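Just so we're aligned, residue 71 is where the sequence shown starts under my numbering, counting upward by one.
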Amino acid sequence: MIKVDNVSKSFGENAVLKNISTTIKQGEVVAVIGPSGSGKSTFLRCLNLLEQPTAGDICINETMITSSKVNKLEIRKNIGMVFQHFHLFPHMTVLDNVTYAPKKVKNMKKTEADEIGKSLIAKVGLTDKETAYPNRLSGGQKQRVAIARALAMEPNIMLFDEPTSALDPEMVKEVLDVMKDLADSGMTMVIVTHEMNFAKEVADRVLFLDNGMLVEEGKPESFFAKPQTVRAQNFLEKIL
Ligand code: ADP
Ligand code: MG
Numbered sequence: 071m072i073k074v075d076n077v078s079k080s081f082g083e084n085a086v087l088k089n090i091s092t093t094i095k096q097g098e099v100v101a102v103i104g105p106s107g108s109g110k111s112t113f114l115r116c117l118n119l120l121e122q123p124t125a126g127d128i129c130i131n132e133t134m135i136t137s138s139k140v141n142k143l144e145i146r147k148n149i150g151m152v153f154q155h156f157h158l159f160p161h162m163t164v165l166d167n168v169t170y171a172p173k174k175v176k177n178m179k180k181t182e183a184d185e186i187g188k189s190l191i192a193k194v195g196l197t198d199k200e201t202a203y204p205n206r207l208s209g210g211q212k213q214r215v216a217i218a219r220a221l222a223m224e225p226n227i228m229l230f231d232e233p234t235s236a237l238d239p240e241m242v243k244e245v246l247d248v249m250k251d252l253a254d255s256g257m258t259m260v261i262v263t264h265e266m267n268f269a270k271e272v273a274d275r276v277l278f279l280d281n282g283m284l285v286e287e288g289k290p291e292s293f294f295a296k297p298q299t300v301r302a303q304n305f306l307e308k309i310l
């Protein structure tokens, strides 16, 4: 579904991604881990063209998205993204946050968007918050709204960039539970995370980035039990 072929990205002199190649299958859940500054966010942002790779190609569902001819907005319609800091619209209710993009981008009628929006809000367990504004929600609730909002565009890929890193510890589980349900439903997911237990339990594969390179990838069982590279060993020793 996603083919990343020799992708590099530099900001000026700073080579942030170096010849990354990997393939992600439909329905696969991939956890991206690695030290701070290793290029995890940049990698994720290249997948939905928030960053344009300096070299290499990315193919999604047979479309070469790194071609200069593609319409970035069309590509992004099919790729949901959830950020560390939620980025909800503060002046809109929960329901309006969730229904805004389908109405605006897909020209969906309000009645239809509301129906889909309400079912997604129910799915993330926030039916009683439909008319609340974001400043009345906890961090965990905000992030669940952000997930519902991304799903409202009916994407076939969901990207998560440290979705629980800004949350108080007691709110992490409610967000991970929603993500786990999504994974179980067959969604293709790429998740940058420091939640190693979640990666172990939910991911089909782990990508370990260090210094802009894809140093190691493998099934979570083998990666966490027996990392093959010294760099992955050192990283896991520090955090586990
Ligand atoms: P990670 O998510 O693994 O912490 P990032 O992808 O955010 O790493 O950053 C990798 C490197 O790229 C860092 O050195 C960072 O300063 C640099 N970087 C990221 N985004 C930009 C940008 N928009 N402009 C310049 N440098 C950037
Ligand atoms: Mg990051």
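Even for Gly, the Cβ is constructed at its ideal location relative to N, Cα and C. All values reported here derive from a predicted model rather than from experimental measurement.
Quick check: the Cα distance between L165 and Q211, rounded to an integer number of angstroms? Along the sequence shown, read from residue 1 onward, the residue named residue 165 stands at position 95. Along the sequence shown, read from residue 1 onward, the residue named residue 211 stands at position 141. Rounded to the nearest whole angstrom, the CA to CA distance from L165 to Q211 is 13 angstroms.
Using the Cα positions of E144 and T133, report the straight-line distance between them to the nearest angstrom. Translated into the one-based positions of the sequence shown, residue 144 becomes position 74. Translated into the one-based positions of the sequence shown, residue 133 becomes position 63. Their backbone Cα atoms lie some 11 angstroms apart in a straight line.
Taking only three categories from DSSP, how would you classify S235? As a first step, residue 235 is located in the sequence shown; it is residue number 165 there, counting from the start. S235 falls in the coil class under three-state DSSP.
Answer yes if the stretch 76-96 comes into contact with the stretch 236-248, meaning at least three C-beta pairs across the two stretches below 8 angstroms, and no otherwise. No contact exists between the stretch 236-248 and the stretch 76-96.
Ignore the nearest five residues each way along the sequence and tell me which others in G97's own chain have a CB closer than 7 angstroms to its CB. In the sequence shown, the residue the question calls residue 97 occupies position 27. Excluding positions up to five away in sequence, the list reads G256, T258.
With respect to the alpha helix (DSSP H) encompassing R206, which residues constitute its N-terminal and C-terminal limits? As a working note, residue 206 is residue 136 in the sequence shown. Note, R206: premise wrong, no alpha helix (DSSP H); not H, not E.
Every unbroken beta strand (DSSP E) within the stretch 121-193, with a cutoff of 3 residues, ordered by chain: Listed in chain order, they are 125-130, 149-152.
What residues sit near the ligand ADP, counting only those whose C-beta is closer than 5 angstroms to one of its heavy atoms, in chain order? Cβ atoms closer than 5 angstroms to the ligand ADP belong to F81, V86, S106, G107, S108, G109, K110, S111, T112.
CB-CB length for A154 against D231, believed under 8 angstroms: Locating residue 154 in the sequence shown gives position 84, where the first residue counts as 1. Locating residue 231 in the sequence shown gives position 161, where the first residue counts as 1. Note on identity: in this sequence residue 154 is Gln, with Ala being the wrong assignment. Going by Cβ atoms, the distance from Q154 to D231 rounds to 6 angstroms, so yes, they are a contact pair.
Residue burial classification, M179 (beta-carbon count within 10 angstroms, cutoff 16): Start at 1 with the first residue of the sequence shown, and residue 179 comes out as number 109. Met is not the amino acid found at residue 179; the sequence shown has Lys there. Flag for K179 reads exposed.
Same chain, Cβ closer than 8 angstroms to G288, five either side skipped, listed in chain order: The residue given as residue 288 occupies position 218 in the sequence shown. R275, V276, Q298, listed in sequence order.
Spatial neighbours of L190 within its chain, please: C-beta separation below 7 angstroms, excluding the five flanking residues on both sides. For the purposes of this step, residue 190 is taken as residue 120 along the sequence shown, with counting starting at 1. Excluding residues within five positions, the ones whose Cβ falls inside 7 angstroms are V168, A218, L221, A222.
How long is the line joining the alpha carbons of V262 and S111, rounded to whole angstroms? Reading the sequence shown from its first residue, position 192 is the one you call residue 262. Reading the sequence shown from its first residue, position 41 is the one you call residue 111. Spanning the two alpha carbons is a distance of roughly 7 angstroms.
Proximity below 8 angstroms, CB of N118 to CB of R146: Stepping through the sequence shown from its first residue, residue 118 is reached at position 48. Stepping through the sequence shown from its first residue, residue 146 is reached at position 76. N118 is a Cβ neighbour of R146, given a cutoff of 8 angstroms.
Does the Cβ of E232 lie closer than 7 angstroms to at least one heavy atom of the ligand MG? Translated into positions along the sequence shown, residue 232 becomes position 162. Within the cutoff, so yes.
Considering only the alpha carbon of each residue, which of S108, T92, I72, T93 lies closest to S80? Sequence index remark: in the sequence shown, residue 80 carries index 10 (1-based). Comparing alpha-carbon positions, the option among S108, T92, I72, T93 lying closest to S80 turns out to be S108.
CA-CA distance, F294 and T163? Taking the sequence shown and counting its residues from 1, the one referred to as residue 294 is at position 224. Taking the sequence shown and counting its residues from 1, the one referred to as residue 163 is at position 93. Across the structure, F294 and T163 are spaced so that their CA atoms are roughly 41 angstroms apart.
My understanding is that I149 touches P225, with C-beta atoms under 8 angstroms, so please give their C-beta distance in whole angstroms. Against the sequence shown, residue 149 aligns to sequence position 79. Against the sequence shown, residue 225 aligns to sequence position 155. Their Cβ separation, rounded to whole angstroms, is 5 angstroms, which keeps I149 and P225 in contact under 8 angstroms.
May I ask you to report which of helix, strand or coil DSSP gives S108? Working through the sequence shown from its first residue, we reach residue 108 at position 38. The answer is coil: DSSP assigns S108 none of H, G, I, E or B.
C116 versus I90, A216, M266, residue with shortest Cα-Cα distance: Residue numbering aside, residue 116 sits at position 46 when the sequence shown is read from its first letter. For C116, the nearest C-alpha among the options comes from I90.
What residue does the beta strand (DSSP E) around N84 start on, and which one ends it? Residue 84 sits at position 14 when you count from the first residue of the sequence shown. N84 -> beta strand (DSSP E) spans 84-94.
Taking D184 as the reference, give the member of R206, V260, E200 with the closest Cα. Translated into the one-based positions of the sequence shown, residue 184 becomes position 114. Each of R206, V260, E200 was checked against the Cα of D184, and the nearest Cα belongs to E200.
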